[in-house]
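With the numbering used here, the residue at position 390 of the sequence shown is 412, and numbering never jumps. For every residue, glycine included, the Cβ atom is placed at its ideal position computed from N, Cα and C. Because the structure is a prediction, the values reported are computed rather than measured. Below is one structure, written out as C-alpha coordinates; the observations come after it.
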Amino acid sequence: MIRKTILIVVLLIALLAVSASANYWEFLGLSDMRVLSIEIDPINPQYICAGTDSGLFVSFNSGQSWDRQFVNLNVPFLSYDPHDNDTLWALLAGGSWSDGIHYSIDNGNGWWPRSYMLNPRRLGFDPVNPGFMYICFEDGILKSQDSFQTYSSANIGLPDLNIIDIKGDGTNQLEAYAVGETFVAHTTDFANSWEDIGGLFNLEDYNPNRIEYEPNGPETLYVSCYAYVAISFNGGLDWEYTPTSTVDNVPIACDPQIAGRLFVGSVSNGGVLISTDAGATFSPFNDSLDNLNVYSLEIDANGRLFAGTEDGIYIYDFSSGVFDNQPLIPSSTTLYQNYPNPFNNRTLIEFILEKPGYARIEIYDIVGKLVKVLFDGSVNCHRSLWWDGTDKNGDKVSSGLYIYSLKTPDQAIFRKMMLLK
(Lines of atoms letter the chains of each structure in order from A; the text may use other names.)
(Lines give C-alpha, C1' and ligand atoms only; values in the text may rest on other atoms or scores of the structure.)
Protein backbone atom coordinates (compact mmCIF):
# COMPACT_ATOMS: atom_id res chain seq x y z
CA MET A 23 0.00 0.00 0.00
CA ILE A 24 2.79 2.41 0.92
CA ARG A 25 4.64 1.58 -2.31
CA LYS A 26 1.45 2.23 -4.33
CA THR A 27 0.92 5.58 -2.60
CA ILE A 28 4.51 6.62 -3.29
CA LEU A 29 4.09 5.66 -6.95
CA ILE A 30 0.92 7.77 -7.26
CA VAL A 31 2.67 10.76 -5.67
CA VAL A 32 5.63 10.39 -8.02
CA LEU A 33 3.30 10.25 -11.03
CA LEU A 34 1.42 13.34 -9.85
CA ILE A 35 4.67 15.24 -9.41
CA ALA A 36 5.76 14.20 -12.90
CA LEU A 37 2.47 15.34 -14.39
CA LEU A 38 2.71 18.67 -12.59
CA ALA A 39 6.26 19.11 -13.83
CA VAL A 40 5.17 18.46 -17.41
CA SER A 41 2.31 20.94 -17.06
CA ALA A 42 4.60 23.55 -15.59
CA SER A 43 7.10 23.16 -18.39
CA ALA A 44 4.59 23.17 -21.27
CA ASN A 45 4.14 26.29 -23.38
CA TYR A 46 0.65 27.50 -24.17
CA TRP A 47 -1.37 30.66 -24.66
CA GLU A 48 -2.80 32.25 -21.51
CA PHE A 49 -5.66 34.73 -21.37
CA LEU A 50 -4.52 38.15 -20.13
CA GLY A 51 -7.79 40.05 -19.96
CA LEU A 52 -10.12 42.47 -21.80
CA SER A 53 -12.80 39.89 -22.48
CA ASP A 54 -15.30 40.87 -25.21
CA MET A 55 -12.90 43.51 -26.52
CA ARG A 56 -11.51 43.45 -30.07
CA VAL A 57 -7.86 44.35 -29.50
CA LEU A 58 -6.55 46.25 -32.54
CA SER A 59 -3.14 47.30 -31.19
CA ILE A 60 -0.76 46.40 -28.37
CA GLU A 61 2.35 48.13 -27.08
CA ILE A 62 4.61 47.18 -24.18
CA ASP A 63 7.07 49.50 -22.45
CA PRO A 64 10.54 48.57 -23.80
CA ILE A 65 12.15 49.22 -20.40
CA ASN A 66 9.42 48.09 -17.98
CA PRO A 67 7.37 45.31 -19.62
CA GLN A 68 4.79 45.34 -16.84
CA TYR A 69 3.35 48.48 -18.50
CA ILE A 70 1.01 47.33 -21.29
CA CYS A 71 -1.28 49.41 -23.51
CA ALA A 72 -4.07 47.90 -25.57
CA GLY A 73 -6.07 49.71 -28.22
CA THR A 74 -9.53 48.31 -28.94
CA ASP A 75 -12.51 49.23 -31.09
CA SER A 76 -14.16 50.71 -28.00
CA GLY A 77 -11.36 52.46 -26.16
CA LEU A 78 -7.79 52.41 -24.85
CA PHE A 79 -6.80 50.27 -21.87
CA VAL A 80 -3.65 50.43 -19.76
CA SER A 81 -2.19 47.91 -17.32
CA PHE A 82 0.59 48.74 -14.87
CA ASN A 83 0.87 45.22 -13.47
CA SER A 84 1.45 42.91 -16.45
CA GLY A 85 -2.23 42.58 -17.26
CA GLN A 86 -3.56 41.66 -13.81
CA SER A 87 -5.86 44.69 -13.99
CA TRP A 88 -6.75 47.27 -16.65
CA ASP A 89 -7.65 50.97 -16.58
CA ARG A 90 -9.73 52.52 -19.36
CA GLN A 91 -8.36 55.76 -20.83
CA PHE A 92 -10.55 56.48 -23.87
CA VAL A 93 -14.17 55.38 -24.30
CA ASN A 94 -15.95 54.35 -27.51
CA LEU A 95 -13.00 55.14 -29.78
CA ASN A 96 -11.03 52.98 -32.19
CA VAL A 97 -7.32 52.83 -31.33
CA PRO A 98 -5.75 51.18 -34.40
CA PHE A 99 -2.12 52.00 -33.57
CA LEU A 100 0.15 52.26 -30.53
CA SER A 101 3.94 52.65 -30.44
CA TYR A 102 6.69 53.95 -28.23
CA ASP A 103 8.85 56.47 -30.04
CA PRO A 104 12.04 54.67 -31.18
CA HIS A 105 14.01 57.85 -30.43
CA ASP A 106 12.42 58.51 -27.02
CA ASN A 107 11.31 55.59 -24.86
CA ASP A 108 9.37 57.98 -22.60
CA THR A 109 6.93 58.96 -25.35
CA LEU A 110 4.06 56.69 -26.33
CA TRP A 111 2.06 57.53 -29.47
CA ALA A 112 -1.55 56.55 -30.17
CA LEU A 113 -3.80 57.03 -33.17
CA LEU A 114 -7.51 57.50 -32.45
CA ALA A 115 -10.01 56.84 -35.21
CA GLY A 116 -13.70 56.22 -35.75
CA GLY A 117 -15.00 59.53 -37.06
CA SER A 118 -15.22 61.46 -33.78
CA TRP A 119 -13.89 64.86 -32.70
CA SER A 120 -11.05 63.05 -30.89
CA ASP A 121 -9.62 61.47 -34.06
CA GLY A 122 -5.93 62.13 -34.56
CA ILE A 123 -2.52 61.58 -33.03
CA HIS A 124 -2.14 61.67 -29.23
CA TYR A 125 0.82 61.06 -26.94
CA SER A 126 1.62 60.05 -23.38
CA ILE A 127 4.78 60.54 -21.34
CA ASP A 128 3.71 58.45 -18.35
CA ASN A 129 3.18 54.99 -19.84
CA GLY A 130 -0.37 55.73 -20.94
CA ASN A 131 -1.74 57.04 -17.65
CA GLY A 132 -2.32 60.50 -19.12
CA TRP A 133 -2.77 61.59 -22.74
CA TRP A 134 -2.43 64.80 -24.68
CA PRO A 135 -3.58 65.57 -28.24
CA ARG A 136 -0.90 66.49 -30.75
CA SER A 137 -2.94 66.99 -33.95
CA TYR A 138 -6.53 66.25 -34.86
CA MET A 139 -7.10 64.40 -38.15
CA LEU A 140 -9.91 62.13 -39.35
CA ASN A 141 -9.47 58.35 -39.24
CA PRO A 142 -5.67 57.88 -39.16
CA ARG A 143 -4.57 54.29 -39.72
CA ARG A 144 -0.87 53.68 -39.08
CA LEU A 145 2.18 55.66 -37.96
CA GLY A 146 5.75 55.28 -39.23
CA PHE A 147 9.07 56.57 -37.88
CA ASP A 148 12.31 57.52 -39.61
CA PRO A 149 15.11 55.31 -38.21
CA VAL A 150 17.63 58.15 -37.85
CA ASN A 151 15.91 61.53 -37.50
CA PRO A 152 13.80 62.17 -34.36
CA GLY A 153 10.45 63.74 -35.14
CA PHE A 154 10.43 62.59 -38.78
CA MET A 155 7.16 60.66 -38.98
CA TYR A 156 4.44 59.50 -41.39
CA ILE A 157 0.72 58.78 -40.98
CA CYS A 158 -1.36 56.93 -43.56
CA PHE A 159 -5.07 57.31 -44.30
CA GLU A 160 -7.75 56.11 -46.67
CA ASP A 161 -6.95 59.15 -48.80
CA GLY A 162 -3.16 59.41 -48.66
CA ILE A 163 -0.14 60.09 -46.46
CA LEU A 164 0.92 62.97 -44.23
CA LYS A 165 4.51 63.54 -43.10
CA SER A 166 6.09 65.70 -40.40
CA GLN A 167 9.56 66.75 -39.27
CA ASP A 168 8.44 67.86 -35.79
CA SER A 169 6.36 64.95 -34.47
CA PHE A 170 3.20 66.28 -36.13
CA GLN A 171 3.14 69.71 -34.63
CA THR A 172 3.11 70.65 -38.32
CA TYR A 173 2.71 68.39 -41.33
CA SER A 174 2.21 68.25 -45.08
CA SER A 175 0.81 65.97 -47.78
CA ALA A 176 3.15 63.28 -49.18
CA ASN A 177 1.37 61.51 -52.04
CA ILE A 178 3.45 62.14 -55.17
CA GLY A 179 4.04 58.90 -57.08
CA LEU A 180 1.63 56.70 -55.11
CA PRO A 181 -0.33 54.36 -57.42
CA ASP A 182 -3.40 54.89 -55.24
CA LEU A 183 -4.23 56.98 -52.15
CA ASN A 184 -5.87 54.23 -50.10
CA ILE A 185 -2.89 53.42 -47.84
CA ILE A 186 -3.25 50.53 -45.39
CA ASP A 187 0.15 50.57 -43.69
CA ILE A 188 3.32 52.65 -43.57
CA LYS A 189 6.72 51.75 -42.14
CA GLY A 190 10.02 53.59 -41.87
CA ASP A 191 13.06 51.70 -43.12
CA GLY A 192 14.99 49.73 -40.53
CA THR A 193 18.32 51.48 -41.17
CA ASN A 194 18.36 54.11 -43.90
CA GLN A 195 17.22 57.62 -43.09
CA LEU A 196 14.44 59.21 -45.15
CA GLU A 197 13.41 55.79 -46.54
CA ALA A 198 9.99 54.25 -45.93
CA TYR A 199 7.47 51.78 -47.33
CA ALA A 200 3.74 52.29 -47.94
CA VAL A 201 1.26 49.46 -48.45
CA GLY A 202 -1.82 49.94 -50.64
CA GLU A 203 -4.56 47.54 -51.64
CA THR A 204 -2.57 46.27 -54.64
CA PHE A 205 0.96 47.59 -54.20
CA VAL A 206 3.93 48.37 -51.99
CA ALA A 207 5.65 51.71 -52.62
CA HIS A 208 9.08 52.92 -51.51
CA THR A 209 10.53 56.37 -50.88
CA THR A 210 14.17 57.39 -50.44
CA ASP A 211 13.60 61.14 -49.95
CA PHE A 212 11.23 61.38 -46.99
CA ALA A 213 8.12 60.95 -49.14
CA ASN A 214 8.84 63.80 -51.52
CA SER A 215 8.16 61.08 -54.08
CA TRP A 216 7.13 57.43 -54.06
CA GLU A 217 7.90 54.57 -56.42
CA ASP A 218 5.98 51.33 -56.79
CA ILE A 219 8.60 48.68 -56.04
CA GLY A 220 6.86 46.09 -58.23
CA GLY A 221 7.40 42.37 -58.11
CA LEU A 222 4.11 41.72 -56.36
CA PHE A 223 1.57 41.89 -59.19
CA ASN A 224 -0.28 39.00 -60.85
CA LEU A 225 -0.29 37.03 -57.61
CA GLU A 226 -3.67 35.49 -56.89
CA ASP A 227 -5.23 36.67 -53.63
CA TYR A 228 -2.47 39.24 -53.15
CA ASN A 229 -4.16 42.02 -51.13
CA PRO A 230 -1.25 43.18 -48.92
CA ASN A 231 -2.00 44.33 -45.38
CA ARG A 232 1.12 44.90 -43.27
CA ILE A 233 4.85 45.31 -43.87
CA GLU A 234 7.64 44.60 -41.38
CA TYR A 235 11.41 44.42 -41.63
CA GLU A 236 13.62 41.80 -40.01
CA PRO A 237 15.22 43.45 -36.90
CA ASN A 238 18.35 41.33 -37.34
CA GLY A 239 18.63 42.17 -41.06
CA PRO A 240 16.60 45.23 -42.08
CA GLU A 241 16.92 44.57 -45.82
CA THR A 242 14.63 41.58 -45.28
CA LEU A 243 10.99 42.61 -45.67
CA TYR A 244 7.84 40.65 -44.89
CA VAL A 245 4.40 41.57 -46.28
CA SER A 246 1.27 39.84 -45.00
CA CYS A 247 -1.20 39.16 -47.83
CA TYR A 248 -4.63 37.57 -48.10
CA ALA A 249 -3.34 34.00 -48.44
CA TYR A 250 0.43 34.49 -48.68
CA VAL A 251 3.39 36.05 -46.97
CA ALA A 252 5.71 37.85 -49.38
CA ILE A 253 9.42 37.99 -48.50
CA SER A 254 12.23 40.10 -49.92
CA PHE A 255 15.85 39.71 -48.86
CA ASN A 256 17.10 42.82 -50.71
CA GLY A 257 14.86 45.70 -49.75
CA GLY A 258 12.06 44.90 -52.17
CA LEU A 259 14.04 44.32 -55.37
CA ASP A 260 13.08 40.64 -55.54
CA TRP A 261 10.24 38.77 -53.86
CA GLU A 262 9.41 35.22 -52.83
CA TYR A 263 5.97 34.00 -51.77
CA THR A 264 4.93 31.46 -49.17
CA PRO A 265 1.29 30.30 -49.29
CA THR A 266 -0.37 30.04 -45.88
CA SER A 267 -3.04 27.74 -44.52
CA THR A 268 -4.87 30.85 -43.31
CA VAL A 269 -6.55 33.76 -45.09
CA ASP A 270 -6.88 37.45 -44.26
CA ASN A 271 -3.38 37.58 -42.80
CA VAL A 272 -2.83 40.98 -41.18
CA PRO A 273 -0.50 41.51 -38.18
CA ILE A 274 3.18 40.55 -38.31
CA ALA A 275 5.63 40.40 -35.40
CA CYS A 276 9.34 39.68 -35.91
CA ASP A 277 11.33 38.34 -32.99
CA PRO A 278 14.15 40.84 -32.29
CA GLN A 279 16.17 38.21 -30.44
CA ILE A 280 15.97 35.32 -32.92
CA ALA A 281 16.62 36.11 -36.57
CA GLY A 282 14.20 34.49 -38.97
CA ARG A 283 11.47 33.85 -36.39
CA LEU A 284 8.24 35.69 -37.12
CA PHE A 285 4.54 35.41 -36.36
CA VAL A 286 1.55 36.23 -38.56
CA GLY A 287 -2.05 36.62 -37.43
CA SER A 288 -5.28 35.94 -39.30
CA VAL A 289 -8.46 37.96 -38.75
CA SER A 290 -10.58 35.16 -40.30
CA ASN A 291 -10.39 32.41 -37.69
CA GLY A 292 -6.87 31.31 -38.60
CA GLY A 293 -5.16 32.24 -35.34
CA VAL A 294 -1.38 32.66 -35.32
CA LEU A 295 1.24 31.18 -37.64
CA ILE A 296 4.92 30.82 -36.77
CA SER A 297 7.95 30.68 -39.05
CA THR A 298 11.45 29.89 -37.81
CA ASP A 299 13.09 30.01 -41.24
CA ALA A 300 12.49 33.60 -42.39
CA GLY A 301 9.11 32.87 -43.95
CA ALA A 302 10.06 29.79 -45.98
CA THR A 303 7.50 27.73 -44.05
CA PHE A 304 4.70 28.48 -41.58
CA SER A 305 3.00 26.31 -38.96
CA PRO A 306 -0.11 26.88 -36.79
CA PHE A 307 0.70 28.25 -33.34
CA ASN A 308 -2.66 28.10 -31.61
CA ASP A 309 -2.37 25.72 -28.64
CA SER A 310 -4.82 27.04 -26.00
CA LEU A 311 -5.58 30.17 -28.06
CA ASP A 312 -9.34 30.30 -27.54
CA ASN A 313 -10.07 33.06 -30.05
CA LEU A 314 -8.60 32.65 -33.52
CA ASN A 315 -9.41 36.10 -34.93
CA VAL A 316 -6.08 37.87 -34.34
CA TYR A 317 -5.85 41.62 -35.02
CA SER A 318 -2.53 42.51 -33.38
CA LEU A 319 0.74 40.87 -32.36
CA GLU A 320 3.57 42.25 -30.24
CA ILE A 321 6.76 40.89 -28.65
CA ASP A 322 8.08 42.48 -25.46
CA ALA A 323 11.64 42.92 -24.19
CA ASN A 324 11.45 39.56 -22.42
CA GLY A 325 10.55 37.73 -25.63
CA ARG A 326 6.90 37.15 -24.68
CA LEU A 327 4.39 37.14 -27.53
CA PHE A 328 1.09 39.03 -27.13
CA ALA A 329 -1.92 38.44 -29.38
CA GLY A 330 -4.83 40.85 -29.57
CA THR A 331 -7.94 38.93 -30.57
CA GLU A 332 -11.65 39.57 -31.04
CA ASP A 333 -12.07 38.58 -27.41
CA GLY A 334 -9.20 40.08 -25.44
CA ILE A 335 -5.43 39.61 -25.12
CA TYR A 336 -3.48 36.36 -24.90
CA ILE A 337 0.17 35.90 -23.97
CA TYR A 338 2.67 33.17 -24.87
CA ASP A 339 5.72 33.03 -22.62
CA PHE A 340 8.54 31.14 -24.32
CA SER A 341 10.59 31.10 -21.12
CA SER A 342 8.03 28.99 -19.24
CA GLY A 343 9.01 25.64 -20.71
CA VAL A 344 10.03 23.76 -23.84
CA PHE A 345 9.42 25.05 -27.36
CA ASP A 346 10.06 23.16 -30.57
CA ASN A 347 11.66 20.36 -28.54
CA GLN A 348 14.69 22.55 -27.80
CA PRO A 349 15.76 22.96 -24.15
CA LEU A 350 15.88 26.48 -22.82
CA ILE A 351 19.22 25.67 -21.23
CA PRO A 352 21.29 23.90 -23.90
CA SER A 353 23.14 20.77 -22.91
CA SER A 354 26.07 21.58 -25.21
CA THR A 355 27.44 24.28 -27.47
CA THR A 356 25.97 23.83 -30.96
CA LEU A 357 26.47 25.43 -34.36
CA TYR A 358 23.47 24.72 -36.57
CA GLN A 359 23.46 24.21 -40.32
CA ASN A 360 22.77 27.48 -42.10
CA TYR A 361 19.38 28.01 -43.73
CA PRO A 362 18.73 28.13 -46.61
CA ASN A 363 21.58 26.08 -48.00
CA PRO A 364 22.48 26.47 -50.80
CA PHE A 365 21.56 30.18 -50.87
CA ASN A 366 21.93 33.14 -53.20
CA ASN A 367 21.01 36.34 -51.34
CA ARG A 368 21.49 35.68 -47.65
CA THR A 369 21.51 32.83 -45.19
CA LEU A 370 20.77 32.41 -41.50
CA ILE A 371 23.49 31.15 -39.14
CA GLU A 372 22.36 30.14 -35.66
CA PHE A 373 24.22 28.86 -32.61
CA ILE A 374 23.76 28.22 -28.90
CA LEU A 375 26.30 28.13 -26.09
CA GLU A 376 26.22 25.77 -23.15
CA LYS A 377 26.46 28.83 -20.92
CA PRO A 378 26.65 32.60 -21.50
CA GLY A 379 30.05 33.73 -22.69
CA TYR A 380 32.30 34.81 -25.54
CA ALA A 381 31.73 33.64 -29.11
CA ARG A 382 33.13 34.44 -32.54
CA ILE A 383 31.62 33.55 -35.93
CA GLU A 384 34.06 33.54 -38.86
CA ILE A 385 33.58 32.81 -42.56
CA TYR A 386 36.37 31.36 -44.73
CA ASP A 387 36.67 30.51 -48.40
CA ILE A 388 37.56 27.00 -49.49
CA VAL A 389 41.33 27.65 -49.37
CA GLY A 390 41.13 28.86 -45.77
CA LYS A 391 41.29 32.62 -46.33
CA LEU A 392 39.28 34.65 -43.81
CA VAL A 393 36.39 36.32 -45.63
CA LYS A 394 34.53 38.00 -42.79
CA VAL A 395 34.09 38.06 -39.03
CA LEU A 396 30.32 37.92 -38.68
CA PHE A 397 30.19 38.20 -34.89
CA ASP A 398 32.67 38.79 -32.09
CA GLY A 399 31.39 39.34 -28.58
CA SER A 400 29.42 38.09 -25.60
CA VAL A 401 26.29 35.95 -26.01
CA ASN A 402 23.53 34.98 -23.61
CA CYS A 403 23.43 31.36 -24.86
CA HIS A 404 21.58 31.89 -28.17
CA ARG A 405 22.25 34.02 -31.25
CA SER A 406 21.01 34.14 -34.85
CA LEU A 407 22.86 36.03 -37.60
CA TRP A 408 22.42 36.77 -41.28
CA TRP A 409 25.24 36.57 -43.81
CA ASP A 410 24.53 38.42 -47.03
CA GLY A 411 27.39 37.00 -49.09
CA THR A 412 29.74 39.95 -48.61
CA ASP A 413 33.32 40.14 -47.36
CA LYS A 414 34.79 42.38 -44.66
CA ASN A 415 34.78 45.33 -47.09
CA GLY A 416 31.13 44.88 -48.01
CA ASP A 417 31.92 43.52 -51.48
CA LYS A 418 29.96 40.57 -52.88
CA VAL A 419 31.92 37.32 -52.91
CA SER A 420 31.83 34.77 -55.72
CA SER A 421 29.79 31.58 -55.85
CA GLY A 422 31.26 28.51 -54.23
CA LEU A 423 31.79 26.54 -51.06
CA TYR A 424 32.46 28.43 -47.82
CA ILE A 425 33.29 27.39 -44.28
CA TYR A 426 31.79 29.06 -41.23
CA SER A 427 33.02 28.49 -37.71
CA LEU A 428 31.94 29.05 -34.13
CA LYS A 429 34.85 29.70 -31.79
CA THR A 430 34.61 29.89 -28.01
CA PRO A 431 37.35 29.84 -25.35
CA ASP A 432 36.82 26.07 -25.10
CA GLN A 433 36.30 24.82 -28.65
CA ALA A 434 35.85 25.48 -32.35
CA ILE A 435 33.07 24.06 -34.56
CA PHE A 436 33.08 24.18 -38.37
CA ARG A 437 30.36 23.73 -41.00
CA LYS A 438 30.11 24.08 -44.78
CA MET A 439 27.69 26.17 -46.84
CA MET A 440 27.17 26.79 -50.56
CA LEU A 441 26.66 30.20 -52.18
CA LEU A 442 24.99 30.09 -55.60
CA LYS A 443 24.41 33.04 -57.94
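Self-check item: Sub-7 Å separation of PRO67 and ASP417 beta-carbons
Solution: No, Cβ-Cβ distance for PRO67 and ASP417 is not below 7 Å.
Quiz item: Applying the criterion that 16 or more other CB atoms from any shown protein chain within 10 Å of the CB defines a buried residue, is THR172 buried or exposed?
Solution: THR172 should be labelled exposed.
Quiz item: When the Cα of LEU370 is compared with those of ASN231, GLY325, PHE255, ALA115, which residue comes out closest?
Solution: Taking LEU370 as reference, the option from ASN231, GLY325, PHE255, ALA115 with the minimal CA-CA separation is PHE255.
Quiz item: Just checking my contact of TYR228 with PRO273 at CB under 8 Å: how many whole Å lie between their CB atoms?
Solution: That belief does not hold up - the Cβ atoms of TYR228 and PRO273 are roughly 18 Å apart, past 8 Å.
Quiz item: Would LEU52 pass as a contact of GLY334 if the rule is Cβ separation under 7 Å?
Solution: The beta carbons of LEU52 and GLY334 sit closer together than 7 Å.
Quiz item: Curious, which full-length beta strand (DSSP E) runs of at least 3 residues does the region 90-117 contain?
Solution: Counting only unbroken stretches of 3 or more residues, the beta strand (DSSP E) elements lying wholly within the region 90-117 are 96-103, 106-115, in sequence order.
Practice problem: Check ALA39 in the structure and name its three-state DSSP category. | Solution: Here the model assigns ALA39 a pLDDT of 38, short of 50, so the residue's position is not dependable, and the following value carries that caveat. Looking at ALA39 - three-state DSSP - the assignment turns out to be helix.
Quiz item: Name the DSSP beta bridge partners of LYS377, please?
Solution: According to DSSP, residue pairing for LYS377 in a beta bridge does not occur.
Quiz item: Are at least three pairs of beta-carbons, each pair with one atom in the region 258-278 and one in the region 386-396, less than 8 Å apart?
Solution: No, they do not touch.
Quiz prompt | Own chain, CB closer than 6 Å to VAL401, minus 5 neighbours either side, in chain order | solution = So the list reads LEU375, ALA381, once near-sequence residues are dropped.
Quiz item: If you count every other CB in all the chains shown that lies within 10 Å of the CB of ALA434, and 16 or more means buried, which is it?
Solution: Counting Cβ neighbours within 10 Å, ALA434 comes out exposed, since fewer than 16 surround it.
Self-check item: Limits of the beta strand (DSSP E) - the one that ASP389 falls within
Solution: For the sequence presented, residue 389 should be read as Val rather than Asp. Run containing VAL389: none; DSSP gives neither H nor E here.
Quiz item: The beta strand (DSSP E) spanning ILE337 covers which residue range?
Solution: Residue range 334-338 is occupied by the beta strand (DSSP E) that includes ILE337.
Exercise. May I have the straight-line CA-CA distance separating GLU372 from TRP134, to the nearest angstrom?
Key: GLU372 and TRP134 have their alpha carbons spaced roughly 44 Å apart.
Quiz item: For SER174, which of helix, strand or coil comes out of DSSP?
Solution: In the structure shown, SER174 adopts extended strand secondary structure according to DSSP, grouped into three states.
Exercise. Give the range of the beta strand (DSSP E) segment to which MET440 is assigned.
Key: For MET440, the enclosing beta strand (DSSP E) starts and ends at 434-441.
Self-check item: Residue burial classification, LYS189 (beta-carbon count within 10 angstroms, cutoff 16)
Solution: Label assigned to LYS189: buried.
Quiz item: From this set, ALA249, ILE65, ASN194, THR210, which residue's C-alpha is nearest GLU241's C-alpha?
Solution: Of ALA249, ILE65, ASN194, THR210, the smallest CA-CA separation from GLU241 is found for ASN194.
Exercise. Tell me, please, which residues DSSP counts as bridged to TYR199.
Key: For TYR199, which the question treats as bridged, DSSP gives the partners LYS189, HIS208.
Quiz prompt | Residues near TRP119 in its chain [Cβ-Cβ closer than 8 Å; skip 5 each side] | solution = For TRP119, where only same-chain residues beyond five positions count, the Cβ hits under 8 Å are TYR138.
Exercise. Below 6 Å CB to CB, which residues in the same chain sit around THR203 once its five sequence neighbours on both sides are set aside?
Key: The question names Thr, but residue 203 in the sequence shown is Glu. Scanning its chain for C-beta atoms nearer than 6 Å, with the 5 sequence neighbours on each side dropped, one finds around GLU203 the residues ASN184, in chain order.
Exercise. Return the chain-ordered list of same chain residues with a C-beta closer than 7 Å to the C-beta of HIS124, the five sequence neighbours on each side being excluded.
Key: For HIS124, same chain residues with a beta-carbon under 7 Å away, outside a window of 5 residues either side, are ALA112, LEU114, TRP133, TRP134, PRO135, ARG136 in chain order.
Exercise. Check whether the Cβ atoms of MET439 and ASN363 lie closer than 7 Å to each other.
Key: Yes, the pair counts as a contact, with Cβ atoms nearer than the cut-off.
Quiz item: Expressed to the nearest angstrom, what Euclidean distance is found between the alpha-carbon atoms of TYR424 and GLY399?
Solution: TYR424 and GLY399 have their alpha carbons spaced roughly 22 Å apart.
Practice problem: Excluding the 5 residues preceding and the 5 following PRO237 in the sequence, name in chain order all residues of the same chain whose CB lies nearer than 6 Å to its CB. | Solution: Here the set comprises CYS276, PRO278.
Self-check item: Distance, ILE253 Cα to ALA302 Cα
Solution: Roughly 9 Å separates the two Cα atoms.
Quiz item: What are the complete beta strand (DSSP E) segments, minimum 3 residues, inside the region 251-321?
Solution: Taking 3 residues as the shortest admissible run, the region 251-321 contains the following complete beta strand (DSSP E) segments, listed from N- to C-terminal end: 262-265, 271-276, 284-288, 293-297, 316-321.
Quiz prompt | The beta strand (DSSP E) enclosing ARG405, as first and last residue numbers | solution = Element bounds for ARG405: 404-409.
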